[in-house]
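Quick notes on the structure that follows.
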Ligand SMILES: N[C@@H](CCC(=O)N[C@@H](CS)C(=O)NCC(=O)O)C(=O)O
């Protein structure tokens, strides 16, 4: 079976999970331990980021490479259109979504959780002891601002990321006003990339992620809860209902990720 080395909270991993579900491929999720698990990933793939797909004895890193690999090896339900114009648009949008929504979404989410202690707490795994949840919730905003500066997320960087994301969401809302999918009448990699990567702007409403249920439907207030972009998120809900497999509720059914165990 295919294996996905991932983080449940990673937007690039979500893009690949959506692609795998779209193609109807079964896979096992392996949650990589930040730090030590990434050292192992580096040994196996020459880079330390998730997602990485393992197919037999082959490891494929990078969500775009994974999408292209899957389309070659599992051509049923193609991701990339054949028509040259559609193909061009699809590839352009996929690359843009990776570079804009994927990267800036992280900054926008950081800003939202810095300002909202309940949102911050709701991102912790369900098994987190109450005392730790209280501690995380109580971290002062000033401290988070300093932490953000440490990773290059200054207030100006965050402001500019949110402004860019607003333009992205406006563009997407306009494109989808009279078209069922971004490049036309059929879903392509562009739709799956945009939908999966926008996870951090607003978490999906349904039971798709192995994260606390309290984060479902929550998002960055000025983006995920802005009436101007509501048509985009409604479109995304529809896409998820069509293609994303919900988690199976039974404990131990395999929907929850396994901790990393790279052999
Ligand atoms: N271009 C990569 C980006 C992947 C990426 O940014 N992954 C993040 C998680 S969302 C990561 O692994 N970060 C850890 C690190 O950079 O050490 C892709 O498309 O897969």
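In full-length UniProt numbering, the protein residues as written are 1 to 263. For glycine and all other residues, C-beta sits at the position ideal for the given N, C-alpha and C.
Rounded to whole angstroms, the gap between the alpha carbons of residue 235 and residue 19 is 17 Å. For residue 60, the beta-bridge partners assigned by DSSP are 53.
Taking 8 Å as the cut-off, the Cβ atoms of residue 217 and residue 201 do not count as close. Note on geometry: alpha-carbon atoms of residue 118 and residue 130 lie some 13 Å from one another. For residue 171, the closest alpha carbon among the candidates 58, 134, 153 and 232 is that of 232.
A distance criterion of 7 Å places the beta-carbon of residue 7 in contact range of ligand 1, judged by its closest non-hydrogen atom.
Cβ-Cβ distances below 7 Å link residue 208 to 240, 244, 246 and 247 in the same chain, with the five nearest sequence neighbours on each side left out; the list follows chain order. Check the Cα spacing between residue 47 and each of 63, 226 and 67: the tightest is with 63. By the neighbour-count criterion, in which 16 or more other beta carbons inside 10 Å mark a residue as buried, residue 104 falls on the buried side. In chain order, 97 place their CB closer than 6 Å to the CB of residue 194, counting only its own chain and leaving out the 5 sequence neighbours on each side. Judged by beta-carbon spacing, residue 197 lies beyond the 8 Å limit of residue 190, meaning their Cβ atoms are not closer than that value. Taken through DSSP and simplified to helix, strand or coil, residue 89 comes out as helix.
Excluding the 5 residues flanking it on each side, residue 61 has same chain C-beta neighbours closer than 6 Å at 45, 47 and 52, in chain order.
For residue 29, the enclosing beta strand (DSSP E) has its first and last residue at 27-31. Residue 79 sits away from residue 173, with the two beta carbons spaced by 8 Å or more.
Take residue 169, set aside five residues on each side of it, and the residues of its chain with a beta-carbon closer than 7 Å to its own are 223, 229 and 232, in chain order.
Apart from the 5 residues on each side of it in sequence, residue 6 sits with its Cβ closer than 6 Å to the Cβ of 13, 29, 50 and 51 in its chain, given in chain order.
By a beta-carbon distance limit of 8 Å, residue 122 contacts residue 212. Their separation comes to about 5 Å.
If you draw a straight line from the Cα of residue 2 to the Cα of residue 107, it comes to about 31 Å. According to the DSSP assignment, residue 6 belongs to the beta strand (DSSP E) that extends over 2-6. Between residue 164 and residue 100, the C-beta gap is smaller than 8 Å, which places the two residues in contact.
Only residues of its own chain outside the window of five on either side were considered, and among them 63, 193, 196 and 197 have a CB closer than 6 Å to the CB of residue 15, listed in chain order. Less than 8 Å divides the Cβ of residue 23 from the Cβ of residue 76.
With fewer than 16 other CB atoms across the displayed protein chains lying within 10 angstroms of its CB, residue 177 is exposed. Assignment of residue 229 by DSSP, reduced to helix, strand and coil, places it in the helix class. Non-local beta-carbon contacts of residue 89 in its own chain, meaning distances under 6 Å to residues more than five positions away in sequence, involve 183 in chain order.
Taking every protein chain shown into account, the CB of residue 65 has fewer than 16 other CB atoms within 10 angstroms, so this residue is exposed.
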